[in-house]
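Visitor: Protein chains in written order, with the working numbering: chain V, 1 to 166; chain A, 1001 to 1195.
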Amino acid sequence: MDWTPYLAGTGIGILSWIAFLLSNKPLGCSTAYTRTSGMIERIFRGKKTDEKPYYQTFAPIVDWEWMLVAGVFLGAFATSVLLGGFTFEWVPTLFGDTFGYDTELRLAVALVGGILMGLGSRWAGGCTSGHGISGTLQLAISSWIAVVVFFLSGIMTAFLLYGVLW
Amino acid sequence: MECCGEVENMMFEALHENNHLQLLIGFLIGICFGGLLYISGVTEYNVILGQLLLTDFTVIKVMLAAVVVGMIGIYAMKSRGLVELHPKPGSIGSTVIGGIIFGMGFAILGYCPGTVAGAVGHGSLDALFGGVTGILIGAGIFAAAYPTLYEKVLSKGVFRSMTIPDHLKINPWYIIIPLCILIGAVLAGLEYFGL
């Protein structure tokens, strides 16, 4: 039996205590992308960007959650370098073995998936961390419904993509 | 108990209002979060798709362990007045429809908004050029469509209660204890069957 997932999960649970206690915030990642998207839009459209109602709720600024996501990047980078797991990779092996090691195909698919992910996470008001971990541990009704739908829809889509059912 | 709680609360309130320190705390928590996500394997496309294809249960194990540990600690601190909850409101139009779109993105991209940042960290270039770019575009589309979406979809079928204990009007521990036992049984079952 491999204890790693449980130890890592326990660590994430403890991090959520620290986040609530020291920052009065649940762990979450998806609003950081909304804010970044707003920052990029502001380069082209200037101050008009801030007038959009959504950016009045989630202002295009670097906030706590933005720093959290930046930290996730750095933490995974540092850990992978320390443990010798850092490698540049264009096509993950499961994708490549099934659909071929075609970089452009993988990038196009990832881009489509990313657009749906960005749209869906803000539409649902949270992601696998904000709803899936932080919301469920608070026993939030919206989060338990969200996480069940995330996985049901994800499982059905993955089965269709990988042709499990035919 | 009441008096000490208030003193502690004042101490934490001062900390919560220190913006620069908060950015640093968020960054440090993020670094630990990223390290744990990487070590557990969930920043890998293969592991996430393995979960959605029901061949690798790492994602569920990490999430459920985090939920059990997090839930007990957060509710224990809440009953001492040390923390307050931040449950998100939801609705059929927002949570369910958004969740379906999210799930499709989850399977097609193979990362989520947190793990994609971790994947970029360990060198996954599809996560950077496809995933992060796509998520930024998707988030931008949502921000543009928000006023219309709110009126026509997001505001439909709003959930009346925020949390399960609020809805049932019972002490949260009557939910937490059975739920932890249930999660423990599910995880024991996964291990028993070698999943």
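Think of the CB as a built atom: it goes at the ideal place given N, C-alpha and C, for glycine as much as any other residue.
As the structure is a computational prediction, the values presented were derived from the model and not from experiment.
At a cut of 8 Å, does the stretch 1112-1132 of chain A reach the stretch 102-111 of chain V through at least three beta carbon pairs?
Guide: Verdict: yes, contact present.
Visitor: Between residue 128 of chain V and residue 1172 of chain A, is the Cβ-Cβ spacing less than 9 Å?
Guide: Residue mapping note: residue 128 of chain V aligns to position 128 of the first sequence, counting from 1. Residue mapping note: residue 1172 of chain A aligns to position 172 of the second sequence, counting from 1. Not a contact, by the Cβ cut-off of 9 Å.
Visitor: By alpha-carbon positions, which one of V:165, V:135, V:141, V:156 ends up nearest to residue 1158 of chain A?
Guide: In the second sequence, the residue the question calls residue 1158 of chain A occupies position 158. Nearest C-alpha to residue 1158 of chain A: V:141.
Visitor: 9 Å is my cut-off, CB to CB: does residue 1071 of chain A come that close to chain V?
Guide: Translated into the one-based positions of the second sequence, residue 1071 of chain A becomes position 71. Interface residue, yes.
Visitor: Whole angstroms is fine: what's the gap from residue 1190 of chain A's alpha carbon to residue 1019 of chain A's?
Guide: Numbered from its first residue, the second sequence carries residue 1190 of chain A at position 190. Numbered from its first residue, the second sequence carries residue 1019 of chain A at position 19. C-alpha separation (whole angstroms): 43 Å.
Visitor: Could you say if the stretch 1022-1036 of chain A and the stretch 49-68 of chain V meet the contact criterion of at least three C-beta pairs nearer than 8 Å?
Guide: The stretch 1022-1036 of chain A, when compared against the stretch 49-68 of chain V, does touch it at the 8 Å Cβ threshold.
Visitor: May I have the straight-line CA-CA distance separating residue 86 of chain V from residue 73 of chain V, to the nearest angstrom?
Guide: In the first sequence, counting from the first residue as 1, residue 86 of chain V sits at position 86. In the first sequence, counting from the first residue as 1, residue 73 of chain V sits at position 73. About 12 Å.
Visitor: Does the separation of the CB atoms of residue 13 of chain V and residue 1068 of chain A fall below 9 Å?
Guide: Position 13 of the first sequence, counting from 1, holds the residue named residue 13 of chain V. Position 68 of the second sequence, counting from 1, holds the residue named residue 1068 of chain A. Against a cut-off of 9 Å, the Cβ pair of residue 1068 of chain A and residue 13 of chain V comes out as a contact.
Visitor: Anything in chain V within Cβ reach of residue 1118 of chain A, meaning under 8 Å, just list it in chain order.
Guide: Taking the first residue of the second sequence as position 1, residue 1118 of chain A is located at position 118. Residues of chain V passing the Cβ test: 72, 73, 75, 76.
Visitor: So, helix, strand or coil for residue 1158 of chain A, using DSSP?
Guide: Here the question's residue 1158 of chain A lines up with position 158 in the second sequence. Strand at residue 1158 of chain A.
Visitor: Between the stretch 38-46 of chain V and the stretch 1041-1057 of chain A, do at least 3 Cβ pairs fall closer than 8 Å?
Guide: No, they do not touch.
Visitor: CA-CA distance, residue 1034 of chain A and residue 1081 of chain A?
Guide: Your numbering for residue 1034 of chain A matches position 34 in the second sequence. Your numbering for residue 1081 of chain A matches position 81 in the second sequence. So the alpha carbons of these two residues sit roughly 29 Å apart.
Visitor: Quick one: Cα of residue 1120 of chain A to Cα of residue 154 of chain V, how far?
Guide: Taking the first residue of the second sequence as position 1, residue 1120 of chain A is located at position 120. Taking the first residue of the first sequence as position 1, residue 154 of chain V is located at position 154. Each residue's alpha carbon lies about 21 Å from the other.
Visitor: Would you list the one or two residues that DSSP bridges to residue 1091 of chain A?
Guide: As a first step, residue 1091 of chain A must be located in the second sequence, where it is residue number 91. Answer by DSSP bridge pairing, in chain order: A:1158.
Visitor: Compare the beta carbon distance of residue 1063 of chain A and residue 138 of chain V with 9 Å and say whether it is the shorter of the two.
Guide: Along the second sequence, read from residue 1 onward, the residue named residue 1063 of chain A stands at position 63. Along the first sequence, read from residue 1 onward, the residue named residue 138 of chain V stands at position 138. In this structure, residue 138 of chain V does not lie closer than 9 Å to residue 1063 of chain A by Cβ.
Visitor: Distance check for residue 39 of chain V and residue 1184 of chain A, CA to CA, integer angstroms please.
Guide: Stepping through the second sequence from its first residue, residue 1184 of chain A is reached at position 184. Stepping through the first sequence from its first residue, residue 39 of chain V is reached at position 39. When rounded, the distance between both Cα atoms is 43 Å.
Visitor: Cβ-heavy atom distance between residue 1159 of chain A and the ligand GDP below 8 Å?
Guide: The ligand GDP is not part of the structure shown, which contains no ligands of any sort.
Visitor: Determine the DSSP secondary structure at residue 1163 of chain A, reduced to helix, strand or coil.
Guide: Stepping through the second sequence from its first residue, residue 1163 of chain A is reached at position 163. Of the three classes helix, strand and coil, the one that applies to residue 1163 of chain A here is strand, per DSSP.
Visitor: Under the three-state reduction of DSSP, which class applies to residue 59 of chain V: helix, strand or coil?
Guide: For the purposes of this step, residue 59 of chain V is identified with residue 59 of the first sequence, where counting begins at 1. Coil, per DSSP.
Visitor: The alpha helix (DSSP H) that contains residue 104 of chain V, what's its start and end?
Guide: Counting from one through the first sequence, the residue named residue 104 of chain V turns up at place 104. That run of the alpha helix (DSSP H) goes 103-124.
Visitor: Which residues does DSSP list as the beta-bridge partners of residue 140 of chain V?
Guide: Within the first sequence, numbered from 1, the residue matching residue 140 of chain V stands at position 140. Answer is A:1163.
Visitor: Using the beta-carbon count (16 or more within 10 Å), is residue 228 of chain V buried or exposed?
Guide: For residue 228 of chain V there is no data in the structure shown, the boundaries of chain V being 1 and 166.
Visitor: In the stretch 1148-1164 of chain A, which residues sit with their C-beta less than 7 Å from some C-beta in chain V, listed in chain order?
Guide: The residues in question are 1159, 1161, 1162, 1163, 1164.
Visitor: Taking the alpha-carbon of residue 1163 of chain A as reference, which of V:158, V:134, V:149 has the nearest alpha-carbon?
Guide: Mapped onto the second sequence, residue 1163 of chain A falls at position 163. Cα-wise, what sits closest to residue 1163 of chain A is V:134.
Visitor: Can you check whether the C-beta of residue 100 of chain V is within less than 9 Å of a C-beta belonging to chain A?
Guide: Taking the first sequence and counting its residues from 1, one reaches residue 100 of chain V at position 100. Chain A, which has no Cβ nearer than 9 Å to the Cβ of residue 100 of chain V, makes this no.
Visitor: Verify the CB distance criterion: does residue 85 of chain V have a CB-CB separation below 9 Å to chain A?
Guide: Here the question's residue 85 of chain V lines up with position 85 in the first sequence. So yes, residue 85 of chain V belongs to the interface.
Visitor: Would you tell me roughly how many angstroms separate the C-alpha atoms of residue 163 of chain V and residue 148 of chain V, rounded to the nearest one?
Guide: Locating residue 163 of chain V in the first sequence gives position 163, where the first residue counts as 1. Locating residue 148 of chain V in the first sequence gives position 148, where the first residue counts as 1. Approximately 22 Å, taken between the alpha carbons.
Visitor: Assuming residue 1065 of chain A contacts residue 9 of chain V (C-beta within less than 8 Å), just tell me the rounded distance between them.
Guide: Here residue 1065 of chain A refers to the residue found at position 65 of the second sequence. Here residue 9 of chain V refers to the residue found at position 9 of the first sequence. The pair is a contact, with the Cβ atoms about 3 Å apart (cut-off 8 Å).
Visitor: Within 10 Å of its beta-carbon, does residue 1135 of chain A have 16 or more other beta-carbons around it, so buried, or fewer, so exposed?
Guide: In the second sequence, the residue the question calls residue 1135 of chain A occupies position 135. Classification for residue 1135 of chain A: buried.
Visitor: Mind checking whether residue 1044 of chain A and residue 24 of chain V have CB atoms under 9 Å apart?
Guide: The sequence position of residue 1044 of chain A within the second sequence is 44, counting from 1. The sequence position of residue 24 of chain V within the first sequence is 24, counting from 1. Not closer than 9 Å, so no.
Visitor: List the endpoints of the continuous alpha helix (DSSP H) containing residue 1032 of chain A.
Guide: Position 32 of the second sequence, counted from the first residue, corresponds to residue 1032 of chain A. Taken as a continuous stretch (DSSP letters only), the alpha helix (DSSP H) holding residue 1032 of chain A covers 1019-1040.
Visitor: Whole-angstrom Cβ separation of residue 1031 of chain A and residue 71 of chain V, contact assumed at under 8 Å?
Guide: Here residue 1031 of chain A is taken as the residue at index 31 of the second sequence, counted from 1. Here residue 71 of chain V is taken as the residue at index 71 of the first sequence, counted from 1. About 4 Å; that satisfies the 8 Å criterion.
Visitor: In chain A, which residues lie with their C-beta within 7 Å of the C-beta of residue 22 of chain V?
Guide: Locating residue 22 of chain V in the first sequence gives position 22, counting from the first residue. Those within 7 Å of residue 22 of chain V in chain A are 1015, 1025.
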